[in-house]
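A short worksheet on the structure shown next.
Number of protein chains: 2
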Amino acid sequence: MPQPPHNRQSTSAELRATALEQFASVGFAGTSLQQIADAAGYSKSSVLYHFASKEALLDEVLTPAVNRLEAILERFLATEESALTRSRFVNDFIDFILEFRLELHTFINQSQSLRGIPVIDRAGVVIVRLSDTLCHGDASTEDRIRFGIALGGAAYTLVAGMTFLGEEIAPVEEVRPALLTVITELLAPVTVRTAPSRK
Amino acid sequence: MPQPPHNRQSTSAELRATALEQFASVGFAGTSLQQIADAAGYSKSSVLYHFASKEALLDEVLTPAVNRLEAILERFLATEESALTRSRFVNDFIDFILEFRLELHTFINQSQSLRGIPVIDRAGVVIVRLSDTLCHGDASTEDRIRFGIALGGAAYTLVAGMTFLGEEIAPVEEVRPALLTVITELLAPVTVRTAPSRK
DNA sequence: ACAAGCTCTGACCGATCGGTCAGGTACCGT
DNA sequence: ACGGTACCTGACCGATCGGTCAGAGCTTGT
Numbered sequence: 005m006p007q008p009p010h011n012r013q014s015t016s017a018e019l020r021a022t023a024l025e026q027f028a029s030v031g032f033a034g035t036s037l038q039q040i041a042d043a044a045g046y047s048k049s050s051v052l053y054h055f056a057s058k059e060a061l062l063d064e065v066l067t068p069a070v071n072r073l074e075a076i077l078e079r080f081l082a083t084e085e086s087a088l089t090r091s092r093f094v095n096d097f098i099d100f101i102l103e104f105r106l107e108l109h110t111f112i113n114q115s116q117s118l119r120g121i122p123v124i125d126r127a128g129v130v131i132v133r134l135s136d137t138l139c140h141g142d143a144s145t146e147d148r149i150r151f152g153i154a155l156g157g158a159a160y161t162l163v164a165g166m167t168f169l170g171e172e173i174a175p176v177e178e179v180r181p182a183l184l185t186v187i188t189e190l191l192a193p194v195t196v197r198t199a200p201s202r203k
Numbered sequence: 005m006p007q008p009p010h011n012r013q014s015t016s017a018e019l020r021a022t023a024l025e026q027f028a029s030v031g032f033a034g035t036s037l038q039q040i041a042d043a044a045g046y047s048k049s050s051v052l053y054h055f056a057s058k059e060a061l062l063d064e065v066l067t068p069a070v071n072r073l074e075a076i077l078e079r080f081l082a083t084e085e086s087a088l089t090r091s092r093f094v095n096d097f098i099d100f101i102l103e104f105r106l107e108l109h110t111f112i113n114q115s116q117s118l119r120g121i122p123v124i125d126r127a128g129v130v131i132v133r134l135s136d137t138l139c140h141g142d143a144s145t146e147d148r149i150r151f152g153i154a155l156g157g158a159a160y161t162l163v164a165g166m167t168f169l170g171e172e173i174a175p176v177e178e179v180r181p182a183l184l185t186v187i188t189e190l191l192a193p194v195t196v197r198t199a200p201s202r203k
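Protein chains in written order, with this note's numbering: chain A, 5 to 203; chain B, 5 to 203.
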């Protein structure tokens, strides 16, 4: 039986990428190891050789994105809040969305059903902290909704929306400024709050 | 074995409601007929007695929402476009979102993986028409993104977001005006094309 | 040449999947 | 009292689920 010369490290990366696509589009529960294996051109046993379990695979797939989001939040929290740091944060956030759109879509839309899985809970904690930070703790319903719409809307638009609303995915250099405009507009009243409120 | 006097019509409605919750939170592929049956207090066979198949159940669950959305679109298309009709449309749309939030969340986040199922394709067609109508056919990327974010963001916020961003679901009478403000703001540049800035 | 080790696979396991079917129970008009 | 019908269920079906395990093929160190 011929054994194509697989490039060491890359098999695991291929599997992660394939799994991510499936998780984002069919859902974690709806994705079988067999599907992932078939799509990547390996056998189911190979998947389980590289990853201890389906859940471990999900963990490895999502962890880089959660780490990155955590880093962005920490960086924002570490500085004095100003118009500059806020704008820098929004930029970081949009970079994050564009780079990790499949990961974001996955845990945005499945965090409820996958509660209990460590990486999902970690992601949930980060998102709640993010929301609390941006809303300054005063739980105005409108502010919460602004944040939720920005988060869920971006995740949806860049994964599901682009492929069936805009036919083909528009080039990143066109999407990015548009995203920046809309997200800034959504988050502006939340973070800026002009003058008087707390802090 | 005692047979409690089930109120004729209601069993099927119970099952639809239970199935909708599961579909929206775990996904169609991730929901088993057994889960639905257990959650509703019936046997799996009962589910298949009331609905020809799992897919038929999905169809019956989503069809009312798609019909309603279609009606809203037709009503908007039937009139001359003006500030009044646009505002009425946004109001209709928000009523729709609030009433059918689980249905919206279901086909918003799974239309890609469930392509081929009639009711899903129908929903997809309506959404594309909606997008084309609001964007006047000139496919500005920013306008498309505005619509996508409004649609996906609302679906996310009202299902996943409210329960883990805002702890408890805020009362509808508080959510509705906030939603109206944010959605109007998002869609305003798309439809109005004049409004220069925010308050 | 040979053993060790990494990668990959088919065969197999118990559990669960969507779906079929025969039958049991309650209520109906007659 | 009786047959029909609506509702519900357990037993069962082939397929597939996540996961285990014993190797096979290839590379490497010695």
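All C-beta atoms in this analysis are idealised placements derived from N, C-alpha and C, irrespective of residue type, glycine included.
Please report the distance separating the alpha-carbon of residue i from that of residue j.
i        : j        : result
Ala164/A : Ser86/A  : 34 angstroms
Ala41/B  : Asp99/A  : 43 angstroms
Leu73/A  : Leu118/B : 30 angstroms
Val176/B : Phe151/A : 18 angstroms
Glu78/B  : Phe93/B  : 10 angstroms
Tyr46/A  : Asp96/B  : 49 angstroms
Ile153/B : His54/A  : 37 angstroms
Leu123/A : Leu61/A  : The question names Leu, yet the displayed sequence has Val at residue 123/A. Each residue's alpha carbon lies about 11 angstroms from the other.
Ala44/B  : Gly34/A  : 22 angstroms
Leu19/A  : Val179/A : 28 angstroms
Ser14/A  : Glu84/A  : 42 angstroms
Leu37/B  : Ala159/A : 29 angstroms
Cys139/B : Leu191/B : 9 angstroms
Ala17/B  : Ser49/A  : 43 angstroms
Ser29/B  : Met166/B : 13 angstroms
Ile76/A  : Asp147/B : 28 angstroms
Ser91/B  : Ile101/B : 15 angstroms
Asp63/B  : Ala21/B  : 13 angstroms
Ile131/B : Asn71/B  : 12 angstroms
Ala174/B : Arg133/A : 19 angstroms
Gln39/A  : Glu59/B  : 20 angstroms
What is the DSSP secondary structure of residue i, counted as helix, strand or coil?
i        : result
Gln116/B : coil
Ile121/B : coil
His109/A : helix
Thr22/A  : helix
Gly156/B : helix
Thr15/B  : helix
Ala164/A : helix
Pro181/B : helix
Ser144/B : coil
Gly128/B : helix
Ala33/B  : coil
Ala174/A : coil
Phe104/A : coil
Flag this pair as yes or no: are the beta carbons of residue i and residue j separated by less than 8 angstroms?
i        : j        : result
Thr161/A : Gly156/B : yes
Gly31/B  : Gly31/A  : yes
Leu88/A  : Glu25/A  : no
Ile112/B : Val186/A : no
Ala127/A : Phe104/A : no
Val51/B  : Phe27/B  : no
Thr137/A : Ala182/B : no
Quick one: using the 10 Å Cβ neighbour count with 16 as the cut-off for buried, is residue i buried or exposed?
i        : result
His109/B : buried
Ser267/B : Examination of residue 267/B is not possible in this model, given that chain B is present from 5 through 203 alone.
Val129/A : exposed
Leu240/B : With chain B represented from 5 up to 203, any question about residue 240/B goes unanswered, as that position is not in the structure.
Ser115/A : buried
Ala23/A  : buried
Ser135/A : buried
Ala199/A : In this prediction, Ala199/A scores a pLDDT of 38, lower than 50, which makes its location untrustworthy; the coordinate-derived value is nonetheless stated afterwards. When all chains shown are included, Ala199/A counts as exposed.
Write down every uninterrupted run of the alpha helix (DSSP H) in the region 40-90 of chain A whose length is 4 residues or greater and which is fully enclosed by it, in chain order.
As for any alpha helix (DSSP H) of minimum length 4 sitting wholly inside the region 40-90 of chain A, the runs are 48-54 and 58-82, ordered along the chain.
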